[in-house]
Amino acid sequence: MVAPRHFPHPDAVVRAAGADDILDAAQVVDSVSQALDGCTLAVAATARHRELRHDCMDARAAAREIIAAAAQPVAILFGNETAGLTADEAANCRIWARIPAEAGFSSLNLGAAVQIFAYEVRMACAVAAPAAEPEFPLATIEQVEQLYAHLQERMTVTGFYNPANPGRLELRLRRLLARARLEAEEVNILRGFLKTLEQPKRR
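Start counting the sequence shown at 36; every next residue gets the next number (this note's numbering).
Printed below as a string of C-alpha cells:
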C-alpha cells in the first residue's frame with residue numbers, strides 16, 4: 036500500500052472478513068516507485084483512457100502476460116478508490132489493463148477490481164506452463180527509471196527538454212522505455228553511451 040491515510044485501522048479488520056493474515060503481511064511504502072522496487076513488469080489497472088494514448092488490454096489477457104513474466108517479480112498497480120491511477124503513476128507500467136464493463140459504469144470499486152484481477156491471474160496460472168527464467172534478465176522498473184533520469188538530464192543540458200514546460204514529452208518517453216522491455220545489460224549500454232556525452236570530445 037502506498038501512503039494509506041489510515042493503516043492499520045479497525046475498519047480494515049472488519050472488511051477483511053477473517054483474512055487477518057493478508058493485513059498482517061501488508062507492506063506500507065511512501066511512493067509508487069518504492070512499491071515497484073525490484074519488479075520487471077508492472078500492470079496498470081485502469082478504467083479509462085487518459086491524455087496519453089496507450090493500448091489497453093482486458094484483465095484476462097493481462098493475467099496471461101503476468102504469468103508469462105512471473106519468473107521475475109511482477110506487480111499490478113491499482114489507484115485509489117476516488118480517482119484511480121494518475122497518468123504519471125500509470126506511465127511506470129508497460130501494460131495497461133481494464134475490466135470489461137458497461138461504458139456508463141466502467142469504474143468498479145477498488146475491492147471488486149482487485150478480486151477480479153486476482154481471479155484472472157489465478158485462472159491463468161492454472162492453465163499456463165511454469166514461467167521460464169529469461170536468458171537475459173530484464174531491467175527492473177527502478178533501473179529503467181534511472182535510465183530515464185539520466186536521459187532527461189542529458190536532454191536538459193542540450194536544450195532538447197525544458198523542465199519548466201515538459202508538455203507530454205516526459206510521459207511519452209517513460210511509456211516508450213516501459214514498452215521496450217529492456218534487459219539490464221541494455222540499460223547499462225544506454226547509460227554508458229549517455230555517460231560519454233558528458234565528457235569533452237577528444238581531439
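Just so it is clear, CB atoms sit at the ideal spot from N, CA and C, and this is done for glycine as well.
Within the segment 90 to 154, the runs of alpha helix (DSSP H) that reach at least 4 residues and sit entirely inside it are, in chain order, 94 to 103 and 122 to 125.
As far as DSSP is concerned, A184 takes part in no beta bridge. Here the C-alpha atom of P165 lies approximately 13 Å from the C-alpha atom of E100. For A213, the enclosing alpha helix (DSSP H) covers residues L204 to R214. Within 10 angstroms of the beta-carbon of V63 lie fewer than 16 other beta-carbons, which makes it exposed. With contact defined as three or more Cβ pairs closer than 8 Å, the segment 151 to 160 and the segment 45 to 62 are not in contact.
Each residue's CA atom was taken as its position, placing H185 and L112 some 25 Å apart. Contact annotation, C91 with T81: C-beta distance approximately 7 Å; criterion of less than 8 Å satisfied.
In the DSSP annotation of this structure, A70 is not part of any beta strand (DSSP E); the continuous alpha helix (DSSP H) holding it starts and ends at V67 to A70. Annotation: the continuous beta strand (DSSP E) that includes V78 extends over L76 to A80.
Taking C-beta separations shorter than 7 Å and ignoring five residues to either side along the sequence, the partners of A38 in its chain run D65, following chain order.
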